[in-house]
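K.L.:
Protein chains: 2
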Amino acid sequence: MLLHLDGRGARYRQIYRSLKRMILAGELGEDARLPASRVLAQSLGVSRNVVLLAYDQLKSEGYISGRVGDATRVCALPESGLESLQERVTMTPEQLPERRLSEQAGIALQQWRRRCSGQREQHLKYDFRYGEVSIDQRTVTLWKRLNSRLFDRSLLQYEDPRGDPELRELIAGHARSGRGCHCDADQVCIVNGSQQALDLVARLLIRPETRVYLEEPGYLGSRACFETAGAGLHPLPVDVEGVDTSCLPEHVAQPALLYVTPSHQFPTGAILSLSRRVALLEWAQRNQSYIVEDDYDGEFRYQGRPIASLQGLDRGLRTLYVGTFSKVLFPSLRIGYVILPRPLIEPFVALRWLSDRQTNSHQQRVLAEFIRSGEYDRHLRRMGKRYQQRRQRLIEALQSHFSERIELQGINAGLHFLLWFRDEALAGRERDLVTQAASEGLGIYPVSSLYLDSSPPRLGLLFGYSGIEEERIEPGIRHLKALCDRLFWSGD
Amino acid sequence: MLLHLDGRGARYRQIYRSLKRMILAGELGEDARLPASRVLAQSLGVSRNVVLLAYDQLKSEGYISGRVGDATRVCALPESGLESLQERVTMTPEQLPERRLSEQAGIALQQWRRRCSGQREQHLKYDFRYGEVSIDQRTVTLWKRLNSRLFDRSLLQYEDPRGDPELRELIAGHARSGRGCHCDADQVCIVNGSQQALDLVARLLIRPETRVYLEEPGYLGSRACFETAGAGLHPLPVDVEGVDTSCLPEHVAQPALLYVTPSHQFPTGAILSLSRRVALLEWAQRNQSYIVEDDYDGEFRYQGRPIASLQGLDRGLRTLYVGTFSKVLFPSLRIGYVILPRPLIEPFVALRWLSDRQTNSHQQRVLAEFIRSGEYDRHLRRMGKRYQQRRQRLIEALQSHFSERIELQGINAGLHFLLWFRDEALAGRERDLVTQAASEGLGIYPVSSLYLDSSPPRLGLLFGYSGIEEERIEPGIRHLKALCDRLFWSGD
Chain P
1 MLLHLDGRGA
11 RYRQIYRSLK
21 RMILAGELGE
31 DARLPASRVL
41 AQSLGVSRNV
51 VLLAYDQLKS
61 EGYISGRVGD
71 ATRVCALPES
81 GLESLQERVT
91 MTPEQLPERR
101 LSEQAGIALQ
111 QWRRRCSGQR
121 EQHLKYDFRY
131 GEVSIDQRTV
141 TLWKRLNSRL
151 FDRSLLQYED
161 PRGDPELREL
171 IAGHARSGRG
181 CHCDADQVCI
191 VNGSQQALDL
201 VARLLIRPET
211 RVYLEEPGYL
221 GSRACFETAG
231 AGLHPLPVDV
241 EGVDTSCLPE
251 HVAQPALLYV
261 TPSHQFPTGA
271 ILSLSRRVAL
281 LEWAQRNQSY
291 IVEDDYDGEF
301 RYQGRPIASL
311 QGLDRGLRTL
321 YVGTFSKVLF
331 PSLRIGYVIL
341 PRPLIEPFVA
351 LRWLSDRQTN
361 SHQQRVLAEF
371 IRSGEYDRHL
381 RRMGKRYQQR
391 RQRLIEALQS
401 HFSERIELQG
411 INAGLHFLLW
421 FRDEALAGRE
431 RDLVTQAASE
441 GLGIYPVSSL
451 YLDSSPPRLG
461 LLFGYSGIEE
471 ERIEPGIRHL
481 KALCDRLFWS
491 GD
Chain D
1001 MLLHLDGRGA
1011 RYRQIYRSLK
1021 RMILAGELGE
1031 DARLPASRVL
1041 AQSLGVSRNV
1051 VLLAYDQLKS
1061 EGYISGRVGD
1071 ATRVCALPES
1081 GLESLQERVT
1091 MTPEQLPERR
1101 LSEQAGIALQ
1111 QWRRRCSGQR
1121 EQHLKYDFRY
1131 GEVSIDQRTV
1141 TLWKRLNSRL
1151 FDRSLLQYED
1161 PRGDPELREL
1171 IAGHARSGRG
1181 CHCDADQVCI
1191 VNGSQQALDL
1201 VARLLIRPET
1211 RVYLEEPGYL
1221 GSRACFETAG
1231 AGLHPLPVDV
1241 EGVDTSCLPE
1251 HVAQPALLYV
1261 TPSHQFPTGA
1271 ILSLSRRVAL
1281 LEWAQRNQSY
1291 IVEDDYDGEF
1301 RYQGRPIASL
1311 QGLDRGLRTL
1321 YVGTFSKVLF
1331 PSLRIGYVIL
1341 PRPLIEPFVA
1351 LRWLSDRQTN
1361 SHQQRVLAEF
1371 IRSGEYDRHL
1381 RRMGKRYQQR
1391 RQRLIEALQS
1401 HFSERIELQG
1411 INAGLHFLLW
1421 FRDEALAGRE
1431 RDLVTQAASE
1441 GLGIYPVSSL
1451 YLDSSPPRLG
1461 LLFGYSGIEE
1471 ERIEPGIRHL
1481 KALCDRLFWS
1491 GD
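So the protein sequences, as listed, match chains P and D.
Residue numbers 1 to 492, in the working numbering, belong to the letters of the first sequence in order.
Residue numbers 1001 to 1492, in the working numbering, belong to the letters of the second sequence in order.
#1: Please confirm whether Q1157/D has its beta-carbon closer than 7 Å to some beta-carbon of chain P.
#2: Quick check on DSSP: helix, strand or coil for A427/P?
#3: Taking the beta strand (DSSP E) that D183/P falls in, what are its first and last residues?
#4: Along chain D, which residues have their Cβ under 8 Å away from the Cβ of K481/P?
#5: Along the segment 222-238 of chain P, what residues have a CB closer than 9 Å to any CB found in chain D?
#6: Tell me whether the segment 1267-1282 of chain D and the segment 1402-1412 of chain D touch, counting them as touching only if at least three CB pairs, one residue from each stretch, are closer than 8 Å.
#7: Using a Cβ-Cβ distance under 7 Å, would Q364/P count as near chain D?
#8: Take the Cβ of C1116/D as the centre, count every other Cβ of all protein chains shown within 10 Å, and call the residue buried at 16 or more, exposed below.
#9: If you measure beta-carbon to beta-carbon, which residues of the segment 354-385 of chain P are closer than 8 Å to chain D?
#10: Consult DSSP for D1160/D and reduce its assignment to one of helix, strand or coil.
#11: In terms of DSSP beta bridges, what is F1417/D paired with?
#12: Taking C-beta pairs closer than 8 Å, name the residues in chain P that R1153/D reaches, listed in chain order.
#13: Could you tell me whether the Cβ atoms of R1357/D and Q195/P are closer together than 7 Å?
#14: Can you check the segment 203-242 of chain P for any beta strand (DSSP E) of at least 3 residues that lies completely inside it and give the ranges in chain order?
#15: Could you check where the beta strand (DSSP E) with L1323/D kicks off and where it finishes?
#16: Return no unless some Cβ of chain P is closer than 7 Å to the Cβ of I1015/D.
#17: Which bits of chain P does I1558/D rub up against, with CB to CB less than 7 Å?
#18: Provide the residue span of the alpha helix (DSSP H) that contains V39/P, from first to last.
#19: Near E83/P, what residues of its chain come up, given a Cβ to Cβ distance below 7 Å and the 5 sequence neighbours on each side ignored?
#20: Using a C-beta to C-beta distance shorter than 8 Å, which residues of chain D count as neighbours of P255/P?
#21: In chain order, what residues of the same chain lie with their CB nearer than 6 Å to the CB of R301/P, ignoring the 5 residues before and after it?
#22: Contact criterion: CB-CB distance below 7 Å. Does P1475/D meet it with respect to chain P?
#23: Counting only beta-carbon atoms, is E1346/D nearer than 7 Å to chain P?
#24: Going by DSSP, what residues sit across from I406/P in a beta bridge?
#25: Looking at C-alpha atoms only, which residue of H379/P, W143/P and Y387/P is the closest neighbour of G467/P?
#26: Which residues in the same chain have their Cβ closer than 6 Å to the Cβ of S80/P, if we skip the five residues on either side of it in sequence?
#27: Examine the Cβ distances between the segment 126-145 of chain P and the segment 456-472 of chain P and report whether three or more of them are shorter than 8 Å.
#28: Is the segment 1392-1408 of chain D touching the segment 388-398 of chain P in the sense that three or more CB pairs, one from each, lie closer than 8 Å?
#29: Can a CB atom of chain P be found closer than 7 Å to the CB of Q1196/D?
#30: Between which two residues does the beta strand (DSSP E) harbouring A284/P extend?
#31: Would you say Q288/P reaches chain D, if we count a Cβ-Cβ gap shorter than 7 Å as a contact?
#32: Start and end of the alpha helix (DSSP H) containing L367/P?
#33: Note down the Cα distance separating G1163/D from P1331/D, rounded to an integer number of angstroms.
#34: Assuming Q1095/D contacts P343/P under a Cβ cut-off of 8 Å, what Cβ separation, rounded to an integer in Å, is found between them?
#35: For the segment 203-221 of chain P against the segment 366-376 of chain P, are there 3 or more C-beta pairs whose distance is under 8 Å?
#36: Decide if the segment 1226-1233 of chain D is in contact with the segment 1179-1192 of chain D; the criterion is three or more beta carbon pairs, one per stretch, under 8 Å apart.
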C-alpha cells in the first residue's frame, strides 16, 4: 500500500490523514481491508504503536472498524454520500454555491491571496521587505522581566473594553507631548494593533454610499478595510508635499471620509505641508467629513523638524488618529490605539466590544509599565540610532553603486524609503527585475503594487531597512546593481 | 474660582480638564485671566507644581498663554469657533449629522448601552451574574510560571494568522477526543475569544438578504454580530429538547444560516436531542445552509452522558464549531477558536488577517504548553469539582427555600441554569423584583432580556454560579426568598 505522508506534525497524524484522504477520495472503498498494523508499520519504518494510534483515530471517527482477531475494514460512509463528501473536502471557496460567502469575504480573500503570492517561499539572503522589525535584545530582556513580574490574578476577569486606564493616560500624554495631539485619556481606545483600528474605523463610519478619499500610491492594509466595509475608493495623487488636496472635489454630496498618512506618507515618505493640512481640515469641515490620520511610523525621524499631528491642528474635532506599538516594539504584541473625536468614542467602543471584547489585559499592563518606567523612550532612542545607521548605510550603498541613475524619496523619517530609476524607459519593467532578483535570493518590492488605478511614471522600488542586518545591506545593493546591469544596462 | 475636579487620574490632569472644559464652554472667555498658580494651588490644597503642570499642558495646547511676570490669560480659540467646538465636545452620537455613522455602529451602540445599563454601579453582596469565572490559584501559579519561562524572542515577529501550529494540533485533538469533532488542525483557526469567532463568522457568511435562524431565548452576543452584519433575524422557540426544528420552514429561498448552542442551550440549558440534530443537518443540507455550533461551555458536565458535537455528526461539512478558553481559564486571556468546513478556511483566514492580523503569539504558546503538559485537563477537573459544589449548594438552597414554588431547568451542565416561578401570574413582574433586589445588594438576572420578539410564559431568572463564592450562595438565596415573600406572597 502506497501512503503519501505530508511530513507535517506527528507521524500517526500523517498516517491518519493520508488514509482518511484515500477513503474520502474513494481509493479505499467500503469494506476495503487495511493492512495489519504490524505490516504497515514495517513498510513505513515506524513503530507499530504509531500505526495503531492512527487506526484508533480513524475508528473513533467512524471511517474504519475492526474487532480483535478480525481485519480492519473501511466503513460505509454516512448517507450524505461519498461524492458530496469528496467534493466538499476538496472544494475551493469559488466552487461554493453562489451567494454563500459575503461580499466582504470575497474582497478579503482577494487581498489575502495577493499578500500570500507576495510571500516568497525560498530563503532570501538579502531582504529589503518593508514591515519587518529589528528585535532589540535589551528590550526583550526588560520586557521578559516585566512580563513575569506583572502577571497578576487581579487582571484575569473582563476589563474595560477601552483598555487599561493607566496605559490610556500614558498614551494620551505621549501623543500630546511627542506628536502634538490634542486629547485626553478618555479619547484613547486600545486595540489589537493599527490594523484593528482601521477595520473598526471603517465599520464605524462607512455606509454603502460613502466615498473614501485616499492616497495613490497608498497603504494596502487600510484600503482593504474600507473596501470590505463597502466604501467607494477614490484615489488622490501624491507629490513631494504629500497628498494633492487640489484634486479633492470642492463639495461631495455623499458622506465622505479621508484617509491620510501625513507624517510620512506611505510609501513615498512625503511629509504633508502645512498649507495642505489646513486645506484638508477646511475640506473636512465643509463636507462634514472625518479624517483618519494613520501615524504608522511617526516615532522615527532622522532629519528636519518633527511636524505635529493633523489631529492636534484640528483639535481632535474631525480627526481619528491611529497609532501602533507593533512597528516600534514587536509585531506579535498586537497593541495599537485610536484617539477619537468625543462623539465617536461611545459607538467605537460599542463596535470594539462587539468585535472581540478587549485586548489581553496582562500585555497592556506590561506595556504601561514599560512606558511609565521610561524604558519605552530609551528603546526608541536605541532603535532610532540602529535604524539611522541602517538607513545611512543603505543610502550610501545605493548612491555609490547607482549614483545618477536613481533618485531617493522620503528618506527623512520612518523605516523605509522609495527608490526611483531616473530612466523613464524602465517604467513597467518591475516584474522582470523582481522575479529575477528573488530567484537570486534578493528581496525587492515594486511600488507599482501600491497603486489602485494608475501606474507609477517610473520604475520604483520600496526599500524597508528595519528588518535587514546592517552588514548585509551593501552586498545586497551590490548584487542588485549587478542584476540591473545585466537586465537593463548590458548595452551601455 | 470654582473648579470641579472629577477625581480621575493625576491631580494636574483633573485641573487641566476642568479648566479646559470651562474654556470650551465659554465660561472662561477670550482674554480671561487665570488665577496665579500660587493662589489656585492654595485654594485647591495642592502643591504649586501641580497647578503649573496643568497650566503648561494648557499652554502647549494653545488654550492659554502667559509670559513670566505677566498674568496667564485665555487665548482666542481657532477659526472653527467657540460654538462649534463646544457643540462637538459635548455632542452625543445621536446629535451627529445624519448618515455620519454606519448602520452597524448604530446597532452596536444600542447593544452596548443595553449591556452598560445592565451593569450595576453599586457593589453587590450576592451576585448570581452569568459569565463571571472563578480564578483558580493553582492555575494562576502554573500559568505565571509558563508565562515567564516561554517568553522568547523567536515569537515576536508576525506569525501565521491561523494561529500557533502546536496549539491548533492540540485543540484539534481535544475537540476530537473530548467533543467528538471531526477535524484536523488545518481546520482550526485561533481567534481572540468566541466573540471574535462569531463576529468573523457573521462577516464571512452574511449577505444583505441572509436569514439567520436562532434560538429564542438566546445569546445576545451572537445576535448582535448577525444583526450588525446585516442579517434578518428569525427566532425559533426552544423547549426541553432544545431548539424546535419543526418551526423551521422546509425550504428557504434566501441564503440562510443557523445558530445553535446544542450541548447546553443558552440560557435554558436544554440538550439538543439526537433526532433534532439529524433534522437540523438535513435541513441545512436541503437549504445549502451552514450551521454555527457555539459550544460556549461544553467543558463542564455534571450528570448524564456527554453528547458529541453536532460538528462531529455532520463530519464538519456544514458546521462551524466555535469554542473558547475564556470561560474555562480566564476571560482576559482572549483566546478561542473556530473549526471550519474546508472550503471556508481560506476566506475566514483572509477576514481574520484583515481584521487584526493574529492573536498574541506568546499567549498562544503559553496556552499550548499548558494543554500539552496535561495541566489543562487537571484544571478542568479541579474547576469541575468546584463548580459542581457551587451548583449543588445553589440547587439545595433554592429547593429548601422555594420548594414547590419554582422549577429548575438545564442543571446538568455548564455554569448556569434557569429558575422558573411556577405561578404564571408572576409573568412580567421581573422589573420590580430585579430592581428591588439590586437596591438590596442582590444581583439577579431576568431571562426575559434574552428574548428577541416574544416574552417568557412565566417569570424566569438566569442563575450563574461560577462567579459567586460557595459560602455566599445560601445567604443570597435566603435573601431572595425574603424579598419574594414581601413582593409576591405577602398575602399568602
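All C-beta atoms in this analysis are idealised placements derived from N, C-alpha and C, irrespective of residue type, glycine included.
The structure presented is a predicted model; accordingly, all values stated were derived computationally and were not measured.
P.N.:
On the basis of the data shown:
#1: Start at 1 with the first residue of the second sequence, and residue 1157/D comes out as number 157. Put simply, the CB of Q1157/D is near chain P, with a gap under 7 Å to one of its CB atoms.
#2: Looking up residue 427/P in the first sequence gives position 427. In the structure shown, A427/P sits in coil (DSSP, three-state: anything other than H, G, I, E or B).
#3: Counting from 1 along the first sequence, the entry for residue 183/P is found at position 183. One point to set straight first is that residue 183/P is Cys, not Asp, in the sequence displayed. Segment: none, C183/P is in no beta strand (DSSP E) and carries neither H nor E.
#4: For the purposes of this step, residue 481/P is taken as residue 481 along the first sequence, with counting starting at 1. Those do not exist, as K481/P stays about 29 Å from chain D at its closest Cβ, beyond 8 Å.
#5: Hits within the stretch, in order: A224, C225, T228, A229 and G230.
#6: Yes, the segment 1267-1282 of chain D touches the segment 1402-1412 of chain D.
#7: The residue labelled residue 364/P in the question sits at position 364 within the first sequence. Q364/P does not count as touching chain D.
#8: Here residue 1116/D refers to the residue found at position 116 when the second sequence is read from its first residue. By the neighbour-count rule (16 or more Cβ atoms within 10 Å), C1116/D is not buried but exposed.
#9: Answer set for the segment 354-385 of chain P: L354, S355, D356, R357, Q358, T359, N360, S361, H362 and Q363.
#10: Taking the first residue of the second sequence as position 1, residue 1160/D is located at position 160. Residue state, collapsed to three classes: coil.
#11: Taking the second sequence and counting its residues from 1, one reaches residue 1417/D at position 417. Note: F1417/D sits in a beta bridge opposite F1463/D.
#12: Locating residue 1153/D in the second sequence gives position 153, counting from the first residue. Here the neighbours are I135, Q137 and V140.
#13: Taking the second sequence and counting its residues from 1, one reaches residue 1357/D at position 357. Taking the first sequence and counting its residues from 1, one reaches residue 195/P at position 195. Result yes, Cβ atoms of R1357/D and Q195/P sit closer than 7 Å.
#14: Those beta strand (DSSP E) runs which fall completely within the segment 203-242 of chain P and span 3+ residues are 211-216 and 232-239.
#15: Residue 1323/D sits at position 323 when you count from the first residue of the second sequence. In the sequence on display, residue 1323/D carries Gly and not Leu. T1319 to T1324 is the extent of the beta strand (DSSP E) around G1323/D.
#16: On the second sequence, position 15 is the one that residue 1015/D refers to. Closer than 7 Å: no.
#17: With chain D covering only 1001 through 1492, there is no way to say anything about residue 1558/D.
#18: Against the first sequence, residue 39/P aligns to sequence position 39. Start and end: S37 to L44.
#19: Residue mapping note: residue 83/P aligns to position 83 of the first sequence, counting from 1. The pLDDT assigned to E83/P is 40, lower than 50, so where the model puts this residue is not dependable, and the model offers no usable value.
#20: Working through the first sequence from its first residue, we reach residue 255/P at position 255. Chain D residues near P255/P: R1099 and R1100.
#21: For this step, residue 301/P is matched to residue 301 along the first sequence. Same-chain partners within the cutoff: A413.
#22: Locating residue 1475/D in the second sequence gives position 475, counting from the first residue. Closer than 7 Å: no.
#23: Working through the second sequence from its first residue, we reach residue 1346/D at position 346. Yes, contact with chain P.
#24: On the first sequence, position 406 is the one that residue 406/P refers to. DSSP lists F421/P as partners of I406/P.
#25: Numbered from its first residue, the first sequence carries residue 467/P at position 467. For the set H379/P, W143/P and Y387/P, the Cα lying nearest the Cα of G467/P is the one of Y387/P.
#26: Within the first sequence, numbered from 1, the residue matching residue 80/P stands at position 80. The predicted model places S80/P with a pLDDT of 43, which falls under 50 and marks its position as unreliable; any figure quoted below should be read in that light. Correct list: empty, nothing qualifies.
#27: When C-beta atoms of the segment 126-145 of chain P are compared with those of the segment 456-472 of chain P, three or more pairs fall below 8 Å, so the two segments count as touching.
#28: With a cut-off of 8 Å, the segment 1392-1408 of chain D and the segment 388-398 of chain P do not count as touching, because too few Cβ pairs lie within range.
#29: On the second sequence, position 196 is the one that residue 1196/D refers to. Yes, Q1196/D counts as interfacial toward chain P.
#30: Looking up residue 284/P in the first sequence gives position 284. First-last for A284/P: L274 to R286, but that is the alpha helix (DSSP H), not the beta strand (DSSP E).
#31: Looking up residue 288/P in the first sequence gives position 288. It does: the Cβ of Q288/P has a partner Cβ on chain D nearer than 7 Å.
#32: Start at 1 with the first residue of the first sequence, and residue 367/P comes out as number 367. Run containing L367/P: S361 to R372, per the alpha helix (DSSP H) assignment.
#33: In the second sequence, the residue the question calls residue 1163/D occupies position 163. In the second sequence, the residue the question calls residue 1331/D occupies position 331. Whole-angstrom Cα-Cα distance: 19 Å.
#34: One-based indexing of the second sequence puts residue 1095/D at position 95. One-based indexing of the first sequence puts residue 343/P at position 343. Confirmed, about 7 Å.
#35: Too few Cβ pairs lie closer than 8 Å, so no.
#36: With a cut-off of 8 Å, the segment 1179-1192 of chain D and the segment 1226-1233 of chain D do not count as touching, because too few Cβ pairs lie within range.
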